[in-house]
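Asker: In our numbering, the protein residues as written are 138 to 546. Okay, here's the structure, questions in a sec.
Laid out in structure tokens, this is it:
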């Protein structure tokens, strides 16, 4: 059975036929995606499902990963923070290191292709070192909110963009003026992946028991890497504001390591210190392949949080909505595209605001269930992988069209 036949059961026959019709016009093209890690983070998860589907549709797709030193990932983490508006202090040798690692990877990677998608800042200078004619078209895919970046970081990254024929951002609010065509394409989730597919009730209960969560008591959940922008300490504060009113309440903070994020261990230590000895507060460091564990946790939560203070798109929000859970989210980034007050959850600005909204949802069970259904329907229409692929194919076809000869009458 083809993969696309399975997706047809979720998204419908018409959506799959649209993909086939678009892919016919791209058949045989070689497309390469380049990012910084195969494990951890939303980009790696998207590429893991996208590459097989592109191949099934007749496109010669592959995935390359750049390699770098610990100092390289320290620098690129600063790029990530700087793009999201945090002041960073980088020296010329830091930029030189990034530049040199890109040169080394351009020599190592197989980039012979009609189109190369470069994801985020880590590999952004690859076009500078790739022989002319080896790549037909370069596209920079930025998953980060770059609307108000650190000036030094943006000046360095912007200098790489003239060699790209297009840029892709997740939403209009993330964009910067750039010298090439810009496309807005939100990311998506795979509804049939281990993280998002239906799971047996026995497996869900077994997972909770193994992870130390009581299945008979209400549980709040935040799933994200341990990053200060995700505000895990603010989530703990909101939980503690609620605890006197709901003594049986549990909180789970579940995250995992990302190979390109050197700050994660430090933030995890801060979270563990802040959590203290509270037996109802579980801090879980899960391996990169713990997708079914995360699935079980999301399906078991009474409310899911993503109380970020800065955010890219927030695929953990998409995952929770797909499982019929209302989401309490920070009013930032792509969370605002997905969480709509009183419809799919609530946007908040503080721990106290989060606690207030959680208490509302715990009190009104019918409204919580209705918001959960709204969230599921919303994701099915807007944020599944078939729409994502359709947008990419449409973009590639539009770039292939010749410029209109508007001066000829």
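By construction, the Cβ of each residue, glycine as well, lies at the ideal position given by its N, Cα and C atoms. Predicted model, so just to flag it, every value in this text is computed and none were measured.
Near residue 299, which residues of its chain fall below 6 Å by C-beta distance, leaving aside the five closest residues on each side in sequence?
Answerer: For the purposes of this step, residue 299 is taken as residue 162 along the chain shown, with counting starting at 1. Result list for residue 299: 316, in chain order.
Asker: Going by DSSP, which residues form a beta bridge with residue 277?
Answerer: The count along the chain shown starts at 1 and reaches residue 277 at position 140. DSSP lists 255, 304 as partners of residue 277.
Asker: With a threshold of 8 Å, are at least 3 pairs of Cβ atoms found where one atom belongs to the region 461–470 and the other to the region 184–195?
Answerer: Cβ pair count under 8 Å is below three, so no.
Asker: State buried or exposed for residue 500, treating a residue as buried only when at least 16 other CB atoms are found within 10 Å of its CB.
Answerer: Against the chain shown, residue 500 aligns to sequence position 363. Residue 500 comes out exposed.
Asker: Note down the Cα distance separating residue 376 from residue 161, rounded to an integer number of angstroms.
Answerer: If you number the chain shown from 1, residue 376 lands on position 239. If you number the chain shown from 1, residue 161 lands on position 24. Going by the C-alpha atoms only, they are around 52 Å apart.
Asker: In terms of residue numbering, what span does the alpha helix (DSSP H) encompassing residue 404 cover?
Answerer: Taking the first residue of the chain shown as position 1, residue 404 is located at position 267. Where residue 404 is concerned, the enclosing alpha helix (DSSP H) stretches over 401–412.
Asker: Compute the distance between the beta-carbons of residue 260 and residue 247, then report whether it is under 8 Å.
Answerer: Start at 1 with the first residue of the chain shown, and residue 260 comes out as number 123. Start at 1 with the first residue of the chain shown, and residue 247 comes out as number 110. No, Cβ-Cβ distance for residue 260 and residue 247 is not below 8 Å.
Asker: In the DSSP output, which residue or residues are listed as bridge partners for residue 201?
Answerer: The residue given as residue 201 occupies position 64 in the chain shown. According to DSSP, residue 201 bridges with 171.
Asker: Report all residues from its chain with a CB closer than 7 Å to the CB of residue 296; omit the five preceding and five following residues, and keep chain order.
Answerer: For the purposes of this step, residue 296 is identified with residue 159 of the chain shown, where counting begins at 1. If we look at residue 296 and ignore the five residues flanking it on each side, it has no Cβ neighbours.
Asker: Mind pulling the alpha helix (DSSP H) runs of 4 or more residues that sit fully within the region 340–381?
Answerer: Counting whole runs of 4 or more residues, the region 340–381 contains the alpha helix (DSSP H) stretches 369–379.
Asker: Do residue 378 and residue 250 have their beta-carbon atoms positioned less than 8 Å apart in this structure?
Answerer: For this step, residue 250 is matched to residue 113 along the chain shown. For this step, residue 378 is matched to residue 241 along the chain shown. No; because the gap between Cβ atoms is not below 8 Å, this pair is not in contact.
Asker: What three-state label does DSSP hand residue 546 in the structure shown?
Answerer: Sequence index remark: in the chain shown, residue 546 carries index 409 (1-based). Model confidence at residue 546 stands at a pLDDT of 31, short of 50, so the residue's coordinates are unreliable; what they give is reported in the following sentence. Residue 546 falls in the coil class under three-state DSSP.
Asker: Within its chain, find whatever has a CB closer than 6 Å to the CB of residue 509; leave out the 5 residues flanking it on each side and keep chain order.
Answerer: Sequence index remark: in the chain shown, residue 509 carries index 372 (1-based). Within the same chain, residue 509 has close Cβ partners 461, 462, 463.
Asker: Three-state secondary structure (DSSP) at residue 465?
Answerer: For this step, residue 465 is matched to residue 328 along the chain shown. In the structure shown, residue 465 sits in a strand (DSSP, three-state: E or B).
Asker: In the DSSP assignment, the alpha helix (DSSP H) including residue 289 goes from what residue to what residue?
Answerer: For the purposes of this step, residue 289 is taken as residue 152 along the chain shown, with counting starting at 1. Run containing residue 289: 288–295, per the alpha helix (DSSP H) assignment.
Asker: Residue 336 to residue 496, Cα distance in whole Å?
Answerer: Your numbering for residue 336 matches position 199 in the chain shown. Your numbering for residue 496 matches position 359 in the chain shown. Distance between the alpha carbons of residue 336 and residue 496: 28 Å.
Asker: Using 8 Å as the threshold, is the C-beta distance between residue 485 and residue 470 below it?
Answerer: Position 348 of the chain shown holds residue 485. Position 333 of the chain shown holds residue 470. Contact: no.
Asker: For residue 502, does the count of other Cβ atoms within 10 angstroms reach 16, so buried, or fall short, so exposed?
Answerer: In the chain shown, the residue the question calls residue 502 occupies position 365. Flag for residue 502 reads exposed.
Asker: Hey, does residue 173 have any beta-carbon neighbour from chain B nearer than 8 Å?
Answerer: Absence of chain B from the displayed structure is noted, only one protein chain being present.
Asker: Which residues in the same chain as residue 285 place their Cβ atom closer than 7 Å to its Cβ, once the five residues preceding and following it in sequence are excluded?
Answerer: The residue given as residue 285 occupies position 148 in the chain shown. If we look at residue 285 and ignore the five residues flanking it on each side, its Cβ neighbours are 222.
Asker: Looking only at C-alpha atoms, which of 279, 465, 236 sits nearest to residue 204?
Answerer: Within the chain shown, residue 204 is the residue found at index 67, counting from 1. The shortest Cα separation from residue 204 among 279, 465, 236 belongs to 236.
Asker: Where do the N-terminal and C-terminal ends of the beta strand (DSSP E) with residue 512 fall, by residue?
Answerer: For this step, residue 512 is matched to residue 375 along the chain shown. Premise fails: residue 512 lies in the alpha helix (DSSP H), 502–519, not in any beta strand (DSSP E).
Asker: So the beta strand (DSSP E) residue 391 belongs to, where does it begin and stop?
Answerer: Reading the chain shown from its first residue, position 254 is the one you call residue 391. Note, residue 391: beta strand (DSSP E), 387–392.
Asker: Does the pairing of the region 337–350 with the region 302–309 give three or more beta-carbon distances under 8 Å?
Answerer: No, the region 337–350 is not in contact with the region 302–309.
Asker: To the nearest angstrom, how far is it from the Cα of residue 291 to the Cα of residue 453?
Answerer: By one-based count along the chain shown, residue 291 stands at place 154. By one-based count along the chain shown, residue 453 stands at place 316. Taking the straight line from one Cα to the other gives about 27 Å.
Asker: Residue 229: which of 217, 212, 201, 242 sits nearest, CA to CA?
Answerer: In the chain shown, the residue the question calls residue 229 occupies position 92. For residue 229, the nearest C-alpha among the options comes from 212.
Asker: In the DSSP output, what is residue 148 paired with across the bridge?
Answerer: Counted from its first residue, the chain shown places residue 148 at position 11. DSSP output for residue 148 lists no bridge partner at all.
Asker: Identify, in the order they occur along the chain, each residue of the same chain with its Cβ nearer than 6 Å to the Cβ of residue 372, setting aside the five sequence neighbours on each side.
Answerer: Numbered from its first residue, the chain shown carries residue 372 at position 235. Here the set comprises 359, 442, 444.
Asker: Can you say whether residue 407 is buried or exposed, counting buried as having 16 or more other CB atoms within 10 angstroms of its CB?
Answerer: The residue labelled residue 407 in the question sits at position 270 within the chain shown. The residue in question, residue 407, is exposed, as its Cβ has fewer than 16 Cβ neighbours within 10 Å.
Asker: Quick check on residue 541: does DSSP put it in helix, strand or coil?
Answerer: Along the chain shown, one-based indexing puts residue 541 at 404. Below a pLDDT of 50, predicted positions are generally treated as unreliable, and residue 541, at 49, falls in that range; no measurement from the model is reported.
Asker: In chain order, what residues of the same chain lie with their CB nearer than 8 Å to the CB of residue 202, ignoring the 5 residues before and after it?
Answerer: Translated into the one-based positions of the chain shown, residue 202 becomes position 65. The answer, listed in chain order, is 171, 172, 173, 174, 175.
Asker: Just tell me which of 355, 531, 331, 278 has its CA closest to the CA of residue 313.
Answerer: Along the chain shown, one-based indexing puts residue 313 at 176. Per the Cα distances, 278.
Asker: Mind checking residue 210: buried by the 16 CB within 10 Å criterion, or exposed?
Answerer: Walking along the chain shown from the start, residue 210 turns up at place 73. By the 10 Å Cβ count, residue 210 comes out buried.
Asker: Run through DSSP, which three-state label would residue 419 get?
Answerer: The residue given as residue 419 occupies position 282 in the chain shown. DSSP places residue 419 in strand when its eight states are reduced to three.
Asker: Just checking my contact of residue 419 with residue 389 at CB under 8 Å: how many whole Å lie between their CB atoms?
Answerer: Here residue 419 corresponds to residue number 282 of the chain shown, with the count starting at 1. Here residue 389 corresponds to residue number 252 of the chain shown, with the count starting at 1. The Cβ separation is near 5 Å, so the contact holds.
Asker: Would you tell me roughly how many angstroms separate the C-alpha atoms of residue 476 and residue 325, rounded to the nearest one?
Answerer: The residue you call residue 476 lines up with position 339 of the chain shown. The residue you call residue 325 lines up with position 188 of the chain shown. Rounded to the nearest angstrom, the two C-alpha atoms are 15 Å apart.
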